[in-house]
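A short write-up of the structure that comes next.
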Amino acid sequence: MDDAAAPTTASAAADYVARPGDSWWTLAERVYGDGRFYRALFAWNRAIDPRVSLVPGTTLQLPPADRLRVAWPGLMPRD
């Protein structure tokens, strides 16, 4: 089972523990179906912890896409 599943509610951000080989792009691709969400996903996590990194074992938040759109509209992919 993939631990980087999309959050199930519109308001809750799922916690995810970084694993070896993770990148912001691959997480965004897995969770949102589009790697271009990586900029907003990184910004979301950086706002929580300015020192955030993808070192294995680091806990990240994976918010629903609609929350990323509200928080970081300029960093979201455009169709």
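Residues in the sequence shown are numbered consecutively from 352, following our numbering. For glycine and all other residues, C-beta sits at the position ideal for the given N, C-alpha and C.
In terms of CA proximity to Tyr383, Asp417 leads the group Asp373, Ala422, Asp417 and Ser404. Check the Cα spacing between Val406 and each of Pro371, Met427, Trp423 and Pro414: the tightest is with Pro371.
DSSP lists Leu411 as the bridge partner or partners of Tyr367.
Distance between Ala379 and Val403, taken at the CA atoms: about 16 Å. DSSP places Asp417 in the uninterrupted alpha helix (DSSP H) bounded by Ala416 to Ala422.
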